[in-house]
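Plus 17 on top of the position in the sequence shown (first one is 1) and you've got my numbering. Each remark here refers to the structure printed beneath this line.
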Amino acid sequence: MKKVELLDTTLRDGAQSEGISFSVRDKLAVVETLDGIGIQLVEAGNPGSNPKDLEFFQEVRHLRLKHARLAAFGATRRPGVAVADDPQVRSLVAAGMPVLVIFGKSWDFHVTEVLKTTLDENVRMVRDTLTYARARAERVVYDAEHFYDGFRANPEYALATLDAAVEAGADVLCLCDTNGGRFPEEVAAATKVVRERFGSRAAIGVHAHNDSGLAVANALAAVHAGATHVQGTLIGFGERCGNANLSTIMANLQLKAGYSCIPAAKMTGLTAAARRVAEIANIVLADDMPYVGTKAFTHKAGMHMDGVCKCSESFEHVPPESVGNARRFLISEIAGRSAVLTRIQRIAPAVQKTDKVVDEVVARLKALEQQGYQFEGADGSFELLVRKALGTHQPFFTLDHYQIIGERPAKNDLEGAAAIVKVSVEGRTEITAAEGDGPVNALDRSLRKALERFYPALAEVRLTDYKVRVLDGNRATEAKVRVLIESTDGRAVWTTVGVSTDIIEASWFALVDSIEYKLSRDLAKRH
Ligand SMILES: [Zn+2]
Numbered sequence: 018m019k020k021v022e023l024l025d026t027t028l029r030d031g032a033q034s035e036g037i038s039f040s041v042r043d044k045l046a047v048v049e050t051l052d053g054i055g056i057q058l059v060e061a062g063n064p065g066s067n068p069k070d071l072e073f074f075q076e077v078r079h080l081r082l083k084h085a086r087l088a089a090f091g092a093t094r095r096p097g098v099a100v101a102d103d104p105q106v107r108s109l110v111a112a113g114m115p116v117l118v119i120f121g122k123s124w125d126f127h128v129t130e131v132l133k134t135t136l137d138e139n140v141r142m143v144r145d146t147l148t149y150a151r152a153r154a155e156r157v158v159y160d161a162e163h164f165y166d167g168f169r170a171n172p173e174y175a176l177a178t179l180d181a182a183v184e185a186g187a188d189v190l191c192l193c194d195t196n197g198g199r200f201p202e203e204v205a206a207a208t209k210v211v212r213e214r215f216g217s218r219a220a221i222g223v224h225a226h227n228d229s230g231l232a233v234a235n236a237l238a239a240v241h242a243g244a245t246h247v248q249g250t251l252i253g254f255g256e257r258c259g260n261a262n263l264s265t266i267m268a269n270l271q272l273k274a275g276y277s278c279i280p281a282a283k284m285t286g287l288t289a290a291a292r293r294v295a296e297i298a299n300i301v302l303a304d305d306m307p308y309v310g311t312k313a314f315t316h317k318a319g320m321h322m323d324g325v326c327k328c329s330e331s332f333e334h335v336p337p338e339s340v341g342n343a344r345r346f347l348i349s350e351i352a353g354r355s356a357v358l359t360r361i362q363r364i365a366p367a368v369q370k371t372d373k374v375v376d377e378v379v380a381r382l383k384a385l386e387q388q389g390y391q392f393e394g395a396d397g398s399f400e401l402l403v404r405k406a407l408g409t410h411q412p413f414f415t416l417d418h419y420q421i422i423g424e425r426p427a428k429n430d431l432e433g434a435a436a437i438v439k440v441s442v443e444g445r446t447e448i449t450a451a452e453g454d455g456p457v458n459a460l461d462r463s464l465r466k467a468l469e470r471f472y473p474a475l476a477e478v479r480l481t482d483y484k485v486r487v488l489d490g491n492r493a494t495e496a497k498v499r500v501l502i503e504s505t506d507g508r509a510v511w512t513t514v515g516v517s518t519d520i521i522e523a524s525w526f527a528l529v530d531s532i533e534y535k536l537s538r539d540l541a542k543r544h
């Protein structure tokens, strides 16, 4: 198997996508997910451009990674400045990452019209910066920005910039279709020229954008022309129309084209990793995304269902389980039932397919999904639902009422809102008030304060994430919100869900599930 190295830039190019914003914690979770699936290089960001990245670079060092090496991203030095005096280059090196990705100009028009410097000075900028970086990092990737456009306009100059990068010791020459405008045959032809000229001295890479809907096709064309390094983002989001989708590329190369991108055993984790990154980014994973979307192996036509039952390759290009996805039959209940059974058996191993409880859970799931619930990302709420159907769940408290008192303007961060909660536990009532940096935070504090007297273990619980998604309503007034809350007690992490037309009420449902889940799990462990 020929090896292809993947560099994921979800945290850099991906973060430049409209609507994407990662906290430091989110970024660490993305790195862990990418490492978990066996991606070799993770571009962590640009330490010179963003103070939030600086904090992340300090934190990410403490992660114990099995596969991924971290890369910092930056530009060549500015025109007319000594490389050692350029603050951007210095902070790039100071991030202390083992791999540096440095981008420079390869299109003459960009050099003279955008950078406003001479063609010779740009070549010196590439040579100086890479020489400086090469002495200070284990490995240097040179991103030749606009390479394919530059090669089309002035091939001699585009290649001269690569000459400088190779002479300065670049380990990878990554050719970029920065504007996403080129066709696969152009990419293949230019990549072949570069491989013939530099292939013995550096690895050749490709960085494609999807503005023409061709990012994956262009990346594959480059690989077939000799590229062995592919940059992209795991689920394809990135500037404008996105980056090359690595989940599609790696499945295509590894399952069909005789290349090895990640360890073979990791391929079955692809779908879970894609969904995890979408969840962290708080976006909906396109259900028709190749290989990993929920519709990727869904069959509706009776003839297709009949076909795949007899022989899966009749209507499926690869087996869904090869990428950790699942086949779905839309009008048949059978597939849904067995998927639910598998999940029930994780909680109650003795349950059999014909047991009544399976019907009850399926019916309950259907009714809740109709209301806007989704349990794929809410393991805690799903487990509670199953325990309720099994009759093994007793509510730990009942709510009398809650009330939110907003204070505007907020006096400081911790006093934006207050909540009063009245609950009862086995006939004893408790009423408490607490402040928080918002109504949900106040509600969470107040509820836990009320219950801690009865259940001291709740003191360990804290919310680690809170996500809201507005669900499509037919009319604006009917729009519902789905709230996902992630909680931890320091050992386990669980997610719960609530849906309502009122955001506070949706949050309340998710909070109650979170607490009930924690208490019921502790109880189950004791028995
Ligand atoms: Zn890019």
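Backbone N, C-alpha and C define an ideal beta-carbon position, used for all residues, glycine too.
query                                                                                                                                                             : result
Residue ranges of each beta strand (DSSP E) run of no fewer than 3 residues wholly in the region 494 to 540, ordered along the chain?                             : 497 to 505 and 510 to 517
For ligand 1, is there any heavy atom lying closer than 8 Å to the beta carbon of Cys-546?                                                                        : With the chain covering only 18 through 544, there is no way to say anything about residue 546.
Enumerate, from N- to C-terminal direction, the unbroken beta strand (DSSP E) stretches of 3 or more residues contained entirely within the region 70 to 105.     : 86 to 92
Taking 8 Å as the limit between beta carbons, can you name the residues of its chain near Val-301, skipping five residues before and five after?                  : Ala-295 and Arg-486
Roughly how many angstroms separate the alpha carbons of Ile-422 and Val-529, rounded to a whole number?                                                          : 20 Å
Kindly give me the distance between the Cβ atoms of Gly-253 and Gly-341, rounded to whole angstroms, as I take these residues to be in contact under 8 Å.         : Actually they are not in contact, since the Cβ atoms of Gly-253 and Gly-341 sit about 18 Å apart, beyond 8 Å.
I'd like to know if the region 20 to 39 and the region 261 to 277 are in contact, where contact means that at least 3 CB-CB pairs between them fall below 8 Å.    : yes
Examine ligand 2 and report whether any of its heavy atoms sits within less than 8 Å of the Cβ of Glu-60.                                                         : Although ligand 2 was asked about, the structure shown includes only ligand 1 as ligands.
With a threshold of 8 Å, are at least 3 pairs of Cβ atoms found where one atom belongs to the region 75 to 83 and the other to the region 46 to 54?               : yes
Out of Ile-532, Glu-477, Arg-499 and Lys-497, point me to the one whose CA is closest to Arg-508's CA.                                                            : Glu-477
Roughly how many whole angstroms lie between the Cα atoms of Ala-365 and Ala-450?                                                                                 : 38 Å
Are there any heavy atoms of ligand 1 lying less than 8 Å away from the beta-carbon of His-334, as far as the coordinates show?                                   : no
Looking at the strands, I want to know which residues DSSP matches up with His-418.                                                                               : Lys-439
Considering Cα atoms alone, identify which of Ser-329, Thr-250, Phe-526 and Ala-274 is closest to Ala-298.                                                        : Thr-250
Go ahead and pull the three-state DSSP assignment for Lys-133.                                                                                                    : coil
Could you give the C-beta distance for Gly-198 and Asn-227, rounded to a whole number, given that I count them as a contact under 8 Å?                            : So it is not a contact: roughly 11 Å between Cβ atoms.
Check the C-beta distance from Ala-88 over to Val-118 and give it rounded, since I have them as a contact under 8 Å.                                              : 5 Å
Exposed or buried, Thr-513, counting other C-beta atoms within 10 Å across all chains shown (16 or more means buried)?                                            : buried
Nearest to Ser-398 by CA position, among Leu-501, Val-116, Tyr-472 and Asp-160, is which residue?                                                                 : Leu-501
Looking only at its chain, what residues have a beta carbon closer than 7 Å to the beta carbon of Asp-372, apart from the 5 residues adjacent to it on each side? : none
By DSSP, does Val-294 sit in helix, in strand, or in coil?                                                                                                        : helix
Could you tell me the distance, in whole angstroms, from the CA atom of Trp-511 to the CA atom of Val-368?                                                        : 23 Å
With respect to 8 Å, is the separation between the Cβ of Gly-255 and the closest non-hydrogen atom of ligand 1 below this value?                                  : yes
Starting from Arg-381, trace the alpha helix (DSSP H) both ways and give me its first and last residue.                                                           : 373 to 387
Do Ala-161 and Ser-217 have their C-beta atoms within less than 9 Å of each other?                                                                                : no
Please report how far the alpha carbon of Ala-284 lies from the alpha carbon of Ile-361, in whole angstroms.                                                      : Rather than Ala, the amino acid found at residue 284 in this sequence is Met. The straight-line gap from Cα to Cα measures roughly 25 Å.
Would you mind giving the Cβ-Cβ distance between Leu-402 and Tyr-534, rounded to the nearest angstrom? I have them listed as a contact below 8 Å.                 : Contact doesn't hold; Cβ gap of about 11 Å is too wide.
Is the separation between the beta-carbon of Arg-499 and that of Gln-387 shorter than 9 Å?                                                                        : no
Based on the DSSP output, what are the partners of Ala-225 in its beta bridges?                                                                                   : Asp-194
Looking at the unbroken beta strand (DSSP E) that takes in Phe-120, where does it start and where does it end?                                                    : 116 to 122
Rounded to whole angstroms, how far is the Cβ of Val-143 from the Cβ of Leu-136, which I believe are closer than 8 Å?                                             : Between Leu-136 and Val-143 the Cβ distance is about 11 Å, and since that is not below 8 Å, they are no contact.
Hey, how far is the Cα of Ile-532 from the Cα of Gly-408?                                                                                                         : 18 Å
Going by the C-beta, is Asn-227 closer than 8 Å to any heavy atom of ligand 1?                                                                                    : no
Where does Val-131 land, buried or exposed, given buried means 16+ other C-beta within 10 angstroms?                                                              : exposed
Which value, in whole angstroms, describes the spacing of the CA atoms of Asp-125 and Cys-328?                                                                    : 55 Å
Answer yes or no: the CB of Asn-342 versus the heavy atoms of ligand 1, is any distance below 8 Å?                                                                : no
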